[in-house]
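The block underneath contains the structure these notes are about, expressed in structure tokens.
There are 2 protein chains.
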Amino acid sequence: MSNNTCRWGILGSAGIARKNWQSIRNSGNGTLVGVASRSIERAQSYIDECQSHVSYPEPPRAFGSYEEMVESPDIDALYIPLPTGLRKQWAIRAAQAGKHVLCEKPCGSDVAELEEILEACKEAGVQFMDGVMFMHSRRLDKIREILEDGDSIGRIRRINTLFSFCAPEEFLTGDIRMNSDLEPLGALGDLGWYNLRFTLWVMNYEMPKAVTGRLLNASGREDSPSLVPTEFSGELLFEGDISAGFYCSFLTEHQQLATISGTKGNLRLDDFVLPYFGNELAFTLNNAEFSQEVCDFHMKRFERRIAVEEYSDSHPTAQETNLFRNFGDLVIGGTPDPVWGDIALKTQKIMMACVESARLGGEPVQVL
Amino acid sequence: MSNNTCRWGILGSAGIARKNWQSIRNSGNGTLVGVASRSIERAQSYIDECQSHVSYPEPPRAFGSYEEMVESPDIDALYIPLPTGLRKQWAIRAAQAGKHVLCEKPCGSDVAELEEILEACKEAGVQFMDGVMFMHSRRLDKIREILEDGDSIGRIRRINTLFSFCAPEEFLTGDIRMNSDLEPLGALGDLGWYNLRFTLWVMNYEMPKAVTGRLLNASGREDSPSLVPTEFSGELLFEGDISAGFYCSFLTEHQQLATISGTKGNLRLDDFVLPYFGNELAFTLNNAEFSQEVCDFHMKRFERRIAVEEYSDSHPTAQETNLFRNFGDLVIGGTPDPVWGDIALKTQKIMMACVESARLGGEPVQVL
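Keeping their order, the protein sequence lines are chains A and B. So the first sequence is numbered by our numbering: it starts at 982 and just counts up by one. So the second sequence is numbered by our numbering: it starts at 982 and just counts up by one.
Laid out in structure tokens, this is it:
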């Protein structure tokens, strides 16, 4: 760190990382030192392309190897969008080199991998966080306020999430997410991580007693050792008969629907992961009223739309910006917050229990 | 039948039947001859109350026993809102007496019961239909048009339905739906019937290969021989990896959400069972667009609201009115249409397979 600025490196030149090029610039407490790829030309062309779109006063440097970036003394924190199959190795090396770790999801291929990463971060005294952007949206604060007001939703009974996109044929046959060595959890890891995290957030990180999972579809790239989940559904069962259903898929067109239903009403978002572009983030609160007057039965809509300001010219993707700002604050503060690792580990544990349930034909599996 | 009018009797004075008092009057091809209760006073006070609200030119007669109504020569069709535990007996007696049968749901306590009812109707040459009102909404025609246009939704991949209301304490401890002799299927029979029927309708009555079910909560009135399902979730698995999740509950406040998701978009209704009161019935069609320009990732909302005219002063509850008109047309036409019995039987078979899956701890059960 220098002058209260978190100095970032992007470890890998995955397409998803482009989104965060400007998030770091907009964060207010960070700067981007460089981008690493296994080829310096690739890193440079990535930088040139992004720089021409959103420029840093001092252009980030190209690193021709991951090692070089991990060892670089002028970098404080690494954003690691590498494939899951490569992530553990580099996250641990980064931590051991004293770098703070912002890790894309799913953090590990299994629970043990993530535990190893977290142990390495703990030992090195560096911050760990996963890249779930919606966790940093101000909309969540407003939703929590509603969930806790006692009247709008009442006691929570059911959470339901649907998150999907319809991958083109070239994705299903060529994308790295379709190789089981690189992304063994497929759509469950890539999309289901958000379903599970949102559910956990709603439940204030209470763990489910048991989960069920169902592999609805799997497929794989020609070079894939085994099939990769492309569509998955499951259910989380909490104390007090609270339950949560989820569905994620690479085969169904864009949807990101979340419903939180309680004893007094329900709350709905149709863009819970990647918000629709605009000047605000909204959700609806629904408290339908049923009335009967002798023979007249009326169901009356009572819907309120609640919004928070979000987008602006200087914060075109505010939740991502907040993610990098929040991470930077922790780095600058000097005391890692273990809660982010705990939340990621809970997410991973639930996910792996869902996978185990699917393997067993859908029977309930306890989350240990 | 006389003068192309279907002459109705209401067998039982359940609260739900009040809704249909005016549906018969508004149907245009029917009239209400009488209401039967086990006490003639109760039948008369029911009639007086409804008649003061929505009056028939000639007031319906009170029948002091179900037998009397079943044998009455001036009645063509019976609407049977009796509890499920009593329904088979009276539906069969009605059919044997030559009465057409409009039966509330769930039609039977199990598949065999409904098969017996349908056999009796077939032998007697009378019409059978269950009382699922939304099947008669003109909104469904519009939804079918969208589902089949090839572009709006594409190929269907996932159907999701949530239907619930939050029953007051006196319901859970006192309502007949909380006695397992009368309503052994509880919330699954009362609400889940709609979830399953809507799913079947979307799938053009194709049967699922297998289903799973989970009993999330059960409770019972003091006099109930066993517990009654109060909350239930399940999943239907169709050919081609098409799947449908559903949730129904007496413990979660009003919601009636249906989502049909395909390879090109999704369609949503938030009042799929009992439409919100108003002059039209609507649904939304969602085709979000994702775009990336170098570092800018935008999810753009593209939502269309599609509505059909529904309510008017003379048709305050149009789908119910349509139900009675359509049934009356079949009675007047003189040739029973077996498709309505087939659809009810499919619904019952899927429901019982869900119950069986729940009994087995959630494992997939084939639908026979």
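Idealized CB from N, CA, C, for every residue including glycine.
Residue-level contact to chain A via CB, residue i, 8 Å cutoff
| i | result |
| --- | --- |
| residue 1151 of chain B | no |
| residue 1246 of chain B | yes |
| residue 1345 of chain B | yes |
| residue 1198 of chain B | yes |
| residue 990 of chain B | no |
| residue 1117 of chain B | no |
| residue 1104 of chain B | no |
| residue 1141 of chain B | yes |
| residue 1135 of chain B | yes |
| residue 1030 of chain B | yes |
| residue 1342 of chain B | yes |
| residue 1269 of chain B | yes |
| residue 1275 of chain B | yes |
| residue 1305 of chain B | no |
| residue 1252 of chain B | yes |
Alpha carbon of residue i to alpha carbon of residue j, nearest angstrom
| i | j | result |
| --- | --- | --- |
| residue 1073 of chain B | residue 1148 of chain B | 32 Å |
| residue 1014 of chain A | residue 1002 of chain A | 11 Å |
| residue 1159 of chain B | residue 1327 of chain B | 25 Å |
| residue 1091 of chain A | residue 1329 of chain A | 7 Å |
| residue 1009 of chain B | residue 988 of chain B | 12 Å |
| residue 1040 of chain A | residue 1099 of chain A | 32 Å |
| residue 1245 of chain A | residue 1128 of chain A | 11 Å |
| residue 1020 of chain B | residue 1205 of chain B | 24 Å |
| residue 1046 of chain B | residue 1071 of chain B | 12 Å |
| residue 1123 of chain B | residue 1289 of chain B | 8 Å |
| residue 1236 of chain A | residue 1076 of chain B | 47 Å |
| residue 1185 of chain B | residue 1348 of chain B | 16 Å |
| residue 998 of chain A | residue 1346 of chain A | 35 Å |
| residue 1007 of chain A | residue 1155 of chain B | 60 Å |
| residue 1153 of chain B | residue 1118 of chain A | 40 Å |
| residue 1164 of chain B | residue 1226 of chain B | 23 Å |
| residue 1243 of chain B | residue 1012 of chain B | 43 Å |
| residue 1280 of chain B | residue 1287 of chain B | 22 Å |
| residue 1278 of chain B | residue 1291 of chain A | 15 Å |
| residue 1026 of chain A | residue 994 of chain A | 10 Å |
| residue 1251 of chain B | residue 1256 of chain A | 21 Å |
Backbone secondary structure at residue i - three-state DSSP
| i | result |
| --- | --- |
| residue 1047 of chain A | helix |
| residue 1088 of chain B | coil |
| residue 1251 of chain B | coil |
| residue 1181 of chain A | helix |
| residue 1115 of chain A | helix |
| residue 1192 of chain B | strand |
| residue 1276 of chain B | coil |
| residue 1239 of chain B | strand |
| residue 1340 of chain A | helix |
| residue 1120 of chain B | helix |
| residue 996 of chain A | helix |
| residue 1065 of chain A | helix |
| residue 1287 of chain A | strand |
| residue 1299 of chain A | helix |
| residue 1173 of chain B | helix |
Interface flag, residue i vs chain B, CB-CB below 8 Å
| i | result |
| --- | --- |
| residue 1155 of chain A | no |
| residue 1255 of chain A | yes |
| residue 1278 of chain A | yes |
| residue 1281 of chain A | yes |
| residue 1147 of chain A | yes |
| residue 1101 of chain A | no |
| residue 1035 of chain A | yes |
| residue 1168 of chain A | no |
| residue 1130 of chain A | no |
| residue 1258 of chain A | yes |
Amino acids of chain C, ordered along the chain, whose beta-carbon sits closer than 7 Å to that of residue i
| i | result |
| --- | --- |
| residue 1138 of chain B | Structure shown: chain C not included; protein chains present are A and B. |
- Item | Cβ-based contacts, 7 Å cut-off: residues of the region 1212–1243 of chain B near chain A | 1212, 1214, 1216, 1222, 1224, 1226, 1228, 1230, 1232, 1233, 1234, 1235, 1236, 1238, 1240, 1242 and 1243
- Message: With three or more beta-carbon pairs closer than 8 Å as the criterion, would you say the region 1207–1227 of chain A touches the region 1184–1199 of chain A?
- Response: yes
- Message: Count Cβ pairs between the region 1198–1216 of chain A and the region 1165–1177 of chain A that sit closer than 8 Å; are there 3 or more?
- Response: yes
- Would you say the region 1153–1171 of chain A touches the region 1255–1273 of chain A, given that touching needs at least three Cβ pairs under 8 Å? no
- Would you call the region 1258–1266 of chain B and the region 1192–1210 of chain B in contact, with 3 or more CB pairs under 8 Å? no
- Touching or not, the region 1102–1112 of chain A and the region 1133–1148 of chain A, by the rule of three or more beta carbon pairs under 8 Å? no
- Query: Given a limit of 7 Å on CB to CB distance, which residues of the region 999–1010 of chain B reach chain A?
  - Reply: 999, 1000, 1002 and 1003
- Item | Contact list for the region 1180–1205 of chain B against chain A, Cβ threshold 9 Å | 1193, 1195, 1197 and 1198
- Residues of the region 1058–1089 of chain B with a CB closer than 8 Å to any CB of chain A: list them in chain order, please. none
- Select from the region 1320–1344 of chain B all residues with a C-beta closer than 8 Å to any C-beta belonging to chain A, and list them in chain order. 1342, 1343 and 1344
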